[in-house]
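**Student:** Mind looking over this structure? Questions follow.
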Amino acid sequence: MFRYLRQHPIAVVFGVLLVSMGVFAGYRIFDRPTAARMDDMAAPVIVATVRPVDFADRIQAIGTAKANESVEITAKVTDTVRRVNFEDGMEVEAGQVLVELTRAEELALLEEAKATLAEAEQQHRRIADLVSRGSASRARLDEQTRIRDAARARVDALEARLADRLIRAPFSGILGFRQVSPGTLISPGTVITTLDDVDPIKLDFAVPEGFLSSLKPGLEIEARAAAYGDRVFSGVVQTIESRVDPATRAVTVRAIIANPERLLRPGMLLTVDVIRNRQRLLAVPEEALIPIQSRQYVYVVRDDGTAERVAVELGRRRPGVVEVRAGLKEGDRVVVEGAIRLTPGAIVRILQERDILDRSAAGSQSPV
23 MFRYLRQHPI
33 AVVFGVLLVS
43 MGVFAGYRIF
53 DRPTAARMDD
63 MAAPVIVATV
73 RPVDFADRIQ
83 AIGTAKANES
93 VEITAKVTDT
103 VRRVNFEDGM
113 EVEAGQVLVE
123 LTRAEELALL
133 EEAKATLAEA
143 EQQHRRIADL
153 VSRGSASRAR
163 LDEQTRIRDA
173 ARARVDALEA
183 RLADRLIRAP
193 FSGILGFRQV
203 SPGTLISPGT
213 VITTLDDVDP
223 IKLDFAVPEG
233 FLSSLKPGLE
243 IEARAAAYGD
253 RVFSGVVQTI
263 ESRVDPATRA
273 VTVRAIIANP
283 ERLLRPGMLL
293 TVDVIRNRQR
303 LLAVPEEALI
313 PIQSRQYVYV
323 VRDDGTAERV
333 AVELGRRRPG
343 VVEVRAGLKE
353 GDRVVVEGAI
363 RLTPGAIVRI
373 LQERDILDRS
383 AAGSQSPV
């Protein structure tokens, strides 16, 4: 064997090389990571996509809702209720008859007055004909004219008295509780019910005088009522009081809110945000930010599945999100959970994509 090695050294060297190459190739084949293993090595993350968001300066206040129009329904005359034509909480139209008072006497008097007027008009026509033929004096016609006009005024007065016995809604709205029943004797000042027009509804709130230079009619407002959770009722500033309250150093502001569903009612307490300087700006969630010394960074997930650490320049803030002035573009995916395990160039596995305004997961237990 040793003689063979001495006689054929090149063949021996060639054989050793072949064996070594085979061993190396087998090692590479069996040691190559599979897709499953690569996935296990990837860091799990949750991402959000960079997009424009509304930013605005806000003046916060507490306000009270008031009806657009509000009145207590009362009678103009003293008489007995004959009929009630409404129910508690009923929605009515302007001019709708709510209560009818007894009016038999007025009807009889009106019929008598109409008969008197008809006779006076007939006499006036007859005397006018006589005057035209020279058979009666002008003075006689003037006297009959006064009689006719008095009869006509009598009819008008009785018709007005009759109308006063039909109590109508002065405007469209929602009625309150009924305070009278058929047979009730009522007089001027007796409250029959209340009527409120609540669409739109007014919202009055006080703002410190320091904000006067920022207030003007037309500014947007957002209001929330405890009864409806986070639901936002949008409106606009209508009027700013001409005087500042010297006791509170605040000015009263009145806003108007559309209320077609009649959800807001007079007397309700609402929190108010007056919106100023509204802008739509590119933003990222606050939890995506990584402070390093005096700079702020985020991890951006690239198309090849790796995470790149990017420096960003920040601007305006609102709860949960911050404006990005430089470093990112719309559509970039930034890591919002799982960044603590990452290094630049790390392979990541996206568990979830969520909207940048979705804060429901913030602070909750997460798989990453």
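The sequence shown begins at 23 in the working numbering and counts up one residue at a time. Beta carbons are placed, not taken as given, at the ideal position from N, Cα and C, and that holds for glycine.
What's the gap between the Cα of residue 361 and the Cα of residue 66?
**Tutor:** The residue labelled residue 361 in the question sits at position 339 within the sequence shown. The residue labelled residue 66 in the question sits at position 44 within the sequence shown. Cα-Cα distance, rounded: 9 Å.
**Student:** Just to confirm the assignment, what range does the alpha helix (DSSP H) spanning residue 154 have?
**Tutor:** Stepping through the sequence shown from its first residue, residue 154 is reached at position 132. First-last of the alpha helix (DSSP H) with residue 154: 126-154.
**Student:** Whole beta strand (DSSP E) runs in the region 175-261 with 3 or more residues, listed along the chain?
**Tutor:** Qualifying beta strand (DSSP E) stretches, in chain order: 188-190, 195-197, 213-230 and 242-247.
**Student:** Out of 91, 117, 92 and 364, state which residue places its alpha-carbon closest to the alpha-carbon of residue 190.
**Tutor:** The residue labelled residue 190 in the question sits at position 168 within the sequence shown. The shortest Cα separation from residue 190 among 91, 117, 92 and 364 belongs to 117.
**Student:** For residue 92, which residues in the same chain have their Cβ closer than 6 Å to its Cβ, ignoring the five residues on either side in sequence?
**Tutor:** Counted from its first residue, the sequence shown places residue 92 at position 70. These residues qualify, in order along the chain: 218.
**Student:** Does residue 123 come out as helix, strand or coil in the three-state DSSP assignment?
**Tutor:** As a first step, residue 123 must be located in the sequence shown, where it is residue number 101. Note: residue 123 maps to strand in three-state DSSP.
**Student:** Can you give me the start and stop residues for the beta strand (DSSP E) that residue 88 sits inside?
**Tutor:** By 1-based counting over the sequence shown, the position of residue 88 is 66. Unbroken beta strand (DSSP E) run through residue 88: 73-96.
**Student:** Check the C-beta distance from residue 158 over to residue 169 and give it rounded, since I have them as a contact under 8 Å.
**Tutor:** Here the question's residue 158 lines up with position 136 in the sequence shown. Here the question's residue 169 lines up with position 147 in the sequence shown. Actually they do not touch by this definition, with Cβ atoms about 14 Å apart.
**Student:** So, for residue 338: in the same chain, excluding its five sequence neighbours on each side, which residues have a beta-carbon less than 7 Å away from its beta-carbon?
**Tutor:** Counted from its first residue, the sequence shown places residue 338 at position 316. These residues qualify, in order along the chain: 77, 303 and 345.
**Student:** I need the straight-line Cα distance from residue 377 to residue 348, nearest angstrom please.
**Tutor:** Translated into the one-based positions of the sequence shown, residue 377 becomes position 355. Translated into the one-based positions of the sequence shown, residue 348 becomes position 326. If I take the Cα positions, the gap works out to 20 Å.
**Student:** Thinking just about the alpha-carbon of each residue, which of 176, 316, 145 and 101 is nearest to the one in residue 212?
**Tutor:** Reading the sequence shown from its first residue, position 190 is the one you call residue 212. If we check each option's Cα against that of residue 212, 101 comes out closest.
**Student:** Measure the C-alpha to C-alpha separation of residue 340 and residue 292 and round it to an integer number of angstroms.
**Tutor:** Position 318 of the sequence shown, counting from 1, holds the residue named residue 340. Position 270 of the sequence shown, counting from 1, holds the residue named residue 292. Each residue's alpha carbon lies about 21 Å from the other.
**Student:** In the DSSP output, what is residue 350 paired with across the bridge?
**Tutor:** To locate residue 350, count along the sequence shown from 1; it is residue 328. DSSP, once it has assigned bridges, lists no residue as partnering residue 350.
**Student:** Output yes or no for whether 9 Å exceeds the beta carbon distance between residue 287 and residue 334.
**Tutor:** In the sequence shown, residue 287 corresponds to position 265, counting from 1. In the sequence shown, residue 334 corresponds to position 312, counting from 1. No, they are not a contact pair.
**Student:** Are there three or more Cβ pairs, one per stretch, closer than 8 Å when the region 359-374 is compared with the region 315-331?
**Tutor:** With a cut-off of 8 Å, the region 315-331 and the region 359-374 count as touching, because enough Cβ pairs lie within range.
**Student:** In its own chain, which residues sit with a C-beta less than 6 Å from the C-beta of residue 257, not counting the 5 before and 5 after it?
**Tutor:** Sequence index remark: in the sequence shown, residue 257 carries index 235 (1-based). Counting only Cβ-Cβ distances below 6 Å, and skipping sequence neighbours, we find 243, 277, 278 and 279.
**Student:** Only counting the same chain, and skipping five residues up and downstream in sequence, which positions put a Cβ closer than 6 Å to that of residue 142?
**Tutor:** As a position in the sequence shown, residue 142 is number 120, starting the count at 1. Within the same chain, residue 142 has close Cβ partners 169, 170 and 173.
**Student:** Among 262, 214 and 253, which has the Cα closest to the Cα of residue 236?
**Tutor:** Translated into positions along the sequence shown, residue 236 becomes position 214. Ranking the options by Cα distance to residue 236, first place goes to 262.
**Student:** Tell me whether residue 168 sits in a helix, a strand or coil according to DSSP, three-state version.
**Tutor:** On the sequence shown, residue 168 is found 146 positions in, with the first residue counted as 1. Note: residue 168 maps to helix in three-state DSSP.
**Student:** Are there 16 or more other CB atoms within 10 angstroms of the CB of residue 299, so buried, or fewer, so exposed?
**Tutor:** Locating residue 299 in the sequence shown gives position 277, counting from the first residue. Exposed.
**Student:** I'd like the list of long-range same chain contacts for residue 156, defined as Cβ closer than 8 Å, with 5 residues on each side in sequence excluded.
**Tutor:** Counting from 1 along the sequence shown, the entry for residue 156 is found at position 134. Around residue 156: no qualifying Cβ.
**Student:** Buried or exposed, going by whether 16 or more other CB atoms sit within 10 Å of the CB of residue 41?
**Tutor:** Against the sequence shown, residue 41 aligns to sequence position 19. Its pLDDT being 47, under 50, residue 41 is placed unreliably in this model, and the value from its coordinates should be taken loosely. So residue 41 ends up on the exposed side.
**Student:** If you draw a straight line from the C-alpha of residue 44 to the C-alpha of residue 63, how long is it?
**Tutor:** Here residue 44 corresponds to residue number 22 of the sequence shown, with the count starting at 1. Here residue 63 corresponds to residue number 41 of the sequence shown, with the count starting at 1. The predicted position of residue 44 is uncertain, since its pLDDT is 49 and thus under 50; no value can be drawn from it.
**Student:** Are at least three pairs of beta-carbons, each pair with one atom in the region 220-233 and one in the region 263-271, less than 8 Å apart?
**Tutor:** With the cut-off at 8 Å, the region 220-233 and the region 263-271 touch.
**Student:** Which class does residue 373 belong to by DSSP, given the choice of helix, strand or coil?
**Tutor:** What you label residue 373 is simply residue 351 of the sequence shown in a count that begins at 1. If DSSP states are grouped into helix, strand and coil, residue 373 belongs with the strands.
**Student:** Would DSSP call residue 304 helix, strand or coil?
**Tutor:** The sequence position of residue 304 within the sequence shown is 282, counting from 1. Note: residue 304 maps to strand in three-state DSSP.
**Student:** Compare the C-alpha of residue 241 against each of 259, 251, 248 and 351 and name the closest.
**Tutor:** Translated into the one-based positions of the sequence shown, residue 241 becomes position 219. With distances taken between Cα atoms, residue 241 lies closest to 259.
**Student:** Return yes when at least one heavy atom of the ligand SAH lies under 8 Å from the C-beta of residue 311, else no.
**Tutor:** Absent from the structure shown: the ligand SAH. Ligands present: none.
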